[in-house]
Structures are given as structure tokens and as C-alpha cells.
Amino acid sequence: MPKVKKASKSVIKLVKGMKDILPNEQVYWELIRNKVSAAARDYGFQYIDTPVVEATALFKRAVGEETDAVSKEMYSFVDQGGEKLSLRPENTAGVVRAYIEHGMLNLPQPVKLFYFAPQFRHDKPQAGRYRQFWQFGFEVLGENDPIVDAQMISLSYFILQELGLNVEVQVNSIGDDNCRPKYMKTLVNYYKDNKKDLCPDCQKRLLHNPLRLLDCKVKKCQDLAKDAPQTVDHLCDECNKHFTSVLEYLDELDVKYNLNSKIVRGLDYYTRTAWEIVETSEEGKLNALGGGGRYDDLVYLMGGRQTPAIGFACGVERIINKMKDVKAPLPENWRPDVYVATLGPEARKKALHLLLELRKENVSVSEDLAKTGLKGQLESADKKGARFALILGQKEIVDGTVLIRDMENGVQEVVDIKKAVKEVQKRLEHHLIAKVLKKSK
Ligand code: AMP
312 MPKVKKASKS VIKLVKGMKD ILPNEQVYWE LIRNKVSAAA RDYGFQYIDT
362 PVVEATALFK RAVGEETDAV SKEMYSFVDQ GGEKLSLRPE NTAGVVRAYI
412 EHGMLNLPQP VKLFYFAPQF RHDKPQAGRY RQFWQFGFEV LGENDPIVDA
462 QMISLSYFIL QELGLNVEVQ VNSIGDDNCR PKYMKTLVNY YKDNKKDLCP
512 DCQKRLLHNP LRLLDCKVKK CQDLAKDAPQ TVDHLCDECN KHFTSVLEYL
562 DELDVKYNLN SKIVRGLDYY TRTAWEIVET SEEGKLNALG GGGRYDDLVY
612 LMGGRQTPAI GFACGVERII NKMKDVKAPL PENWRPDVYV ATLGPEARKK
662 ALHLLLELRK ENVSVSEDLA KTGLKGQLES ADKKGARFAL ILGQKEIVDG
712 TVLIRDMENG VQEVVDIKKA VKEVQKRLEH HLIAKVLKKS K
């Protein structure tokens with residue numbers, strides 16, 4: 312063994328608000344990815360990747376300069392070429408940019424896209440809130456039928472439910488260009504006399520983003536919001552009809568939902584239907600795992616032609632935290648079909664080939680070739696849950712054979728090494744049939 316140097320330098324640590332996703336957590340990530348991909352396939356969504364870095368102007372225009380996500384939390388910088396760039400705080404703006412830039416407006420509509428990607432917000436780090444966090448999201452562009460709203464709401468709801476979470480939907484309509492300006496005036500009027508009782512952020516919001524007064528988390532603002540005029544009472548006929556249809560469709564589905572006039576969503580681009588998927592904590596607090604809404608004006612605002620659209624995004628880390636809390640069921644750990652164990656230098660060389668051959672035949676394998684003791688290797692095979700072990704010792708090398716050991720009952724047989732893969736496949740088939748028969752009894 313070469314001499315090991317003692318540590319003498321300071322350790323560079325993880326950046327505040329960031330999170331390593333270690334191997335022991337990957338089972339959750341894989342499960343969520345698979346669930347999301349399966350849902351996307353069933354509902355006809357195609358996967359899209361957009362860059363982490365976009366022009367700062369994109370988010371200013373799409374998300375809104377006055378939103379917290381853009382004004383306070385965006386990671387923005389000027390690059391070496393003098394371009395003003397930002398790490399994306401959300402993914403809808405990038406998807407809409409790509410939709411316009413790649414002429415997806417000319418494809419048969421609607422265009423249905425989904426993503427699974429990291430987002431960046433310089434938020435105050437705390438439990439369930441990170442500065443890099445992952446979202447999966449679904450977007451439908453080019454369709455304004457309320458049945459799509461109900462499908463999107465139910466999609467977000469059922470994915471989380473299938474992950475073992477007891478969630479419900481909080482839904483609202485925030486109107487459109489036609490009725491919202493009038494409603495905003497009524498809202499600002501309501502708050503005018505109480506301006507001094509609002510938190511400093513809400514005093515600013517009153518000027519630039521009054522809808523956000525309704526979902527402020529500060530207690531005194533929440534108290535004032537209780538009696539504030541509600542968007543649903545100020546919808547124009549078209550918005551009202553749309554929202555009523557969404558609710559009718561939701562009634563058709565088995566979705567648990569509540570009308571909640573405080574759901575206004577943080578970003579500027581939303582119109583009409585807005586919703587959040589929440590779970591209720593033990594103290595009765597609503598904890599948002601995801602949210603979405605219609606954004607019928609965003610494509611136009613971004614330079615495309617008027618195109619109705621709707622989307623939602625869910626936070627993966629928050630979902631995982633909740634899955635851990637409720638001990639949501641996880642898939643069985645992966646088990647290798649075959650573990651290859653060796654004794655002696657010649658056997659190790661032979662094992663290298665054997666492992667390749669097995670993999671080529673889609674037999675899943677495992678090994679610890681750097682380990683020399685047979686006992687330790689068989690213990691490892693057991694720990695990994697291997698169904699069979701192939702054991703190659705000096706005698707087997709001389710005879711051109713290999714031992715197949717059934718790891719369940721310890722029975723061992725000698726077979727010709729040239730037939731080893733076929734023999735393993737035969738046994739795996741028997742094993743599978745026996746398992747199916749046992750299940751069907
Ligand atoms: P939003 O884009 O703000 O509507 O967020 C949608 C979902 O993303 C939320 O419901 C959270 O689950 C998740 N999320 C938002 N911000 C963060 C954050 N800073 N850290 C972790 N998850 C987040």
C-alpha cells in the first residue's frame with residue numbers, strides 16, 4: 312500500500328441552500344421519474360429540456376419584474392461577453408420561448424410538453440426550501456377548452472396520490488384581462504385604508520402586484536386578506552363559464568378539491584384557473600407540493616401569436632420529504648440475478664469475460680473482483696440478494712467448469728464453463744415460473 316497523506320487543507324463545503332442527492336435517496340428520485348414519465352406517456356406529453364441559463368430579459372418579461380422570484384431571488388450575472396443572463400427560477404418561460412423559437416406554433420395543436428429539471432431561487436434556505444431544487448412540470452400549449460384544465464389538475468393530483476401522498480387541490484380563478492383590472496381596483500380600494508397594517512413587502516405589492524396580497528404568509532396580512540374581495544365574485548361571463556366547467560369536470564373525476572380564493576400564484580403570467588396541490592401537516596398547515604395555472608397571454612407576451620396555454624410544476628424535494636414522513640411504499644430494492652465469485656488470479660481473469668457474456672445476454676450481474684476471500688464474496692452476494700452465484704476457483708479453471716450455487720438453498724452444481732450462461736438462464740426461468748405459480752396460489 313502506498314503511504315497515505317494526512318489531510319492538511321481545509322475542506323470546501325456545499326454551497327448554502329444546495330443539496331447533494333446521495334445514493335440512498337435515489338430510490339425516491341427513480342420512482343418519481345418513472346411515475347412522471349409513465350403519466351406523460353399515457354397523456355401524450357413529450358419530454359423537453361431547455362437550458363438552465365436564459366436571458367435575464369426572458370424572466371423579467373414572462374414571470375414579471377415585480378415578482379419575488381425575479382426581483383429578489385434570481386441568480387443573475389453578466390457573462391464574459393457582457394450578456395445579462397440568469398439561472399432559471401422556473402421552467403415555463405423557457406418552454407414558451409422554445410415553443411415560439413422552434414415554430415411549434417405551426418404544429419398540430421395542442422403541443423403537450425413535460426420536463427424534469429433543476430430550478431434556482433435565492434430563497435431563504437429552510438426545511439423543504441432550497442436554492443437549487445427540482446421540479447417536474449407539464450405544459451399544454453394551444454388549447455383553451457376547460458376540460459384540459461380539469462385534466463391538468465387531475466394529472467398533478469393523481470401523480471402525487473400514486474406516490475402515496477394524501478393530497479388535495481386548492482383551486483381558484485383569477486380572471487383575465489377583461490375582468491381582472493376592475494377587480495384589482497376593488498382590491499386596492501379594500502386595502503387602501505389598512506395600508507399601514509400591511510407588512511413592508513405587501514405595502515410594495517399594493518402598488519405593483521396587488522393580487523399577491525392575498526397569499527402573503529405574514530399573520531397580520533392574512534388577517535386582512537380574510538375579508539378581501541374575492542376574484543371569483545368579479546369574473547366576467549366568459550371566465551365564469553370557463554371556471555364553472557372546470558369544476559364540473561373535476562366533479563366527474565374523483566379529485567378532492569376546495570375552492571380557495573387566496574390561491575393567486577406568485578407569477579405574473581397566470582390567467583383564469585389557478586391551483587395548488589397541498590398536503591395538510593399535523594398542525595393543520597397547508598404545505599404546497601405543486602401548483603399551476605392557465606397562462607393564455609404568455610405566448611403573445613413573449614412575441615408569439617395569441618395562444619391559450621396551461622401548465623403546472625411540482626417540487627421534487629418537497630414530495631420526497633413528505634414521502635419519507637408518511638413512509639410511502641417504495642419499490643423492492645434491485646437484486647442481481649448472478650454474483651460472480653472468484654478464487655485465484657486465473658479465475659479473476661476468466662470472470663472478467665464471464666461478466667461481459669452475462670451482461671450481453673441481459674442477465675444482471677454483481678461482483679467484488681478486488682476481494683480475494685471466497686467467504687467475503689459469498690457474504691456480499693447474500694447481502695445484495697443475488698439469486699445465483701457463479702463460483703470460479705483454481706480447480707474449476709483447470710477443469711473448464713464453474714459452480715452454480717442457488718443462493719436460497721445453498722445447493723451447488725458443476726457445469727461446463729462454456730454452458731454457464733445458458734445454465735444460468737435456464738435456472739432463472741424456472742425461478743421466475745416458480746415465483747409466478749406461488750403468487751397465483
Ligand atoms: P412555484 O413555481 O413557486 O409555484 O413552485 C411549485 C412547487 O415547487 C412548489 O409547490 C414547491 O413544491 C416547489 N418549490 C418552489 N420553491 C422551492 C424551493 N425554494 N425549494 C424547494 N421546492 C420549491
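Using this note's numbering, you'd call the opening residue of the sequence shown number 312 and step up by one each time. No residue lacks a Cβ here, since even glycine has one placed at the ideal position from N, Cα and C.
Return helix, strand or coil for S691, following the three-state DSSP convention. On the sequence shown, residue 691 is found 380 positions in, with the first residue counted as 1. Here S691 sits in helix by DSSP.
To the nearest angstrom, how far is it from the Cα of I343 to the Cα of P400? Mapped onto the sequence shown, residue 343 falls at position 32. Mapped onto the sequence shown, residue 400 falls at position 89. Distance between the alpha carbons of I343 and P400: 21 Å.
Would the segment 683-702 count as touching the segment 640-654 if we require 3 or more Cβ pairs under 8 Å? Because the criterion of three Cβ pairs below 8 Å is met, the segment 683-702 and the segment 640-654 touch.
Check the C-beta distance from E587 over to F444 and give it rounded, since I have them as a contact under 8 Å. Position 276 of the sequence shown, counted from the start, is the residue given in the question as residue 587. Position 133 of the sequence shown, counted from the start, is the residue given in the question as residue 444. Not quite, the Cβ-Cβ distance comes to about 16 Å (not below 8 Å), so this is no contact.
Beta-carbon proximity list for E377, same chain, < 7 Å, skipping 5 on both sides: Residue numbering aside, residue 377 sits at position 66 when the sequence shown is read from its first letter. H519, N520, listed in sequence order.
When you compare the CB of V422 with every CB in chain B, is at least one pair closer than 8 Å? The structure shown has no chain B; it contains just one protein chain.
Start and end residues, beta strand (DSSP E) containing V674: The residue labelled residue 674 in the question sits at position 363 within the sequence shown. Membership of V674 in any beta strand (DSSP E) is not indicated, and neither H nor E is assigned to it by DSSP.
Please classify H664 as buried or exposed, where buried requires at least 16 neighbouring CB atoms within 10 angstroms. As a position in the sequence shown, residue 664 is number 353, starting the count at 1. H664 is exposed by the Cβ-count criterion.
Any idea what DSSP makes of G405, helix, strand or coil? Against the sequence shown, residue 405 aligns to sequence position 94. Helix.
Based on DSSP bridge pairs, tell me the residues matched to C282. For the chain, the structure presents residues 312 to 752; residue 282 sits outside this window and is missing.
Residues that DSSP places opposite K395 in a beta bridge: As a working mapping, residue 395 is identified with position 84 in the sequence shown. Beta-bridge annotation (DSSP): K395 is paired with V389.
With 16 as the cutoff for other CB atoms within 10 Å, does A438 come out buried or exposed? As a position in the sequence shown, residue 438 is number 127, starting the count at 1. Counting Cβ neighbours within 10 Å, A438 comes out exposed, since fewer than 16 surround it.
Proximity to Y560 [Cα-Cα], best of R738, A662, V459, S677: The sequence position of residue 560 within the sequence shown is 249, counting from 1. Residue V459 is the option with its Cα nearest to Y560.
Is the Cβ-Cβ distance between K493 and H553 less than 8 Å? The count along the sequence shown starts at 1 and reaches residue 493 at position 182. The count along the sequence shown starts at 1 and reaches residue 553 at position 242. No.
On the DSSP bridge list, what partners appear for L471? Along the sequence shown, read from residue 1 onward, the residue named residue 471 stands at position 160. Paired residue(s): none; L471 is not in a bridge.
Just checking E624 against the ligand AMP - is the residue's beta carbon closer than 7 Å to any of the ligand's heavy atoms? Looking up residue 624 in the sequence shown gives position 313. Reading off the sequence shown, one finds Ala at residue 624, where the question assumed Glu. Yes; taking the cut-off as 7 Å, the Cβ of A624 has a heavy atom of the ligand AMP nearer than that.
Would you list the residues sitting across from E755 in a DSSP beta bridge? As displayed, the chain neither begins before 312 nor continues past 752, which places residue 755 out of reach and without an answer.
Is it the case that the Cβ atoms of K633 and E594 are separated by a distance below 8 Å? Taking the first residue of the sequence shown as position 1, residue 633 is located at position 322. Taking the first residue of the sequence shown as position 1, residue 594 is located at position 283. Going by C-beta atoms, K633 is not nearer than 8 Å to E594.
Does K567 come out as helix, strand or coil in the three-state DSSP assignment? Within the sequence shown, the letter at position 256 stands for residue 567. In this structure, DSSP gives K567 a state outside helix and strand, which the three-state scheme calls coil.
Below 8 Å CB to CB, which residues in the same chain sit around N489 once its five sequence neighbours on both sides are set aside? Counting from 1 along the sequence shown, the entry for residue 489 is found at position 178. For N489, where only same-chain residues beyond five positions count, the Cβ hits under 8 Å are C547, E549, C550.
Whole-number beta carbon distance between D608 and Y580, since they are thought to touch under 8 Å: Locating residue 580 in the sequence shown gives position 269, counting from the first residue. Locating residue 608 in the sequence shown gives position 297, counting from the first residue. With 8 Å as the limit, Y580 and D608 qualify as a contact, their Cβ atoms being about 7 Å apart.
Examine the ligand AMP and report whether any of its heavy atoms sits within less than 7 Å of the Cβ of Q481. Your numbering for residue 481 matches position 170 in the sequence shown. For the ligand AMP, no non-hydrogen atom lies closer than 7 Å to the CB of Q481.
In terms of residue numbering, what span does the beta strand (DSSP E) encompassing P429 cover? Locating residue 429 in the sequence shown gives position 118, counting from the first residue. First-last of the beta strand (DSSP E) with P429: 422-431.
Given a cut-off of 8 Å on the beta-carbon distance, is the pair N483 and N571 in contact? Along the sequence shown, one-based indexing puts residue 483 at 172. Along the sequence shown, one-based indexing puts residue 571 at 260. The Cβ atoms of N483 and N571 lie closer than 8 Å to each other.
Alpha carbon to alpha carbon, how far is A662 from G684? Give it in angstroms, no decimals. The residue you call residue 684 lines up with position 373 of the sequence shown. The residue you call residue 662 lines up with position 351 of the sequence shown. Whole-angstrom Cα-Cα distance: 15 Å.
Give the DSSP-derived three-state secondary structure of Q617 in the structure shown. For this step, residue 617 is matched to residue 306 along the sequence shown. Reduced to three states, the DSSP call for Q617 is coil.
May I ask you to verify whether the segment 354-372 touches the segment 423-433, counting CB pairs closer than 8 Å and requiring at least 3? Touching, yes.
Is any heavy atom of the ligand AMP found at a distance shorter than 7 Å from the C-beta of Y501? Here residue 501 refers to the residue found at position 190 when the sequence shown is read from its first residue. Every heavy atom of the ligand AMP is 7 Å or more from the Cβ of Y501, so no.
Specify, as a first and last residue, the run of the beta strand (DSSP E) that W586 falls within. Position 275 of the sequence shown, counted from the first residue, corresponds to residue 586. Here the beta strand (DSSP E) through W586 covers 582-591.
Per-residue DSSP class, three states only, for L452: The sequence position of residue 452 within the sequence shown is 141, counting from 1. Reduced to three states, the DSSP call for L452 is strand.
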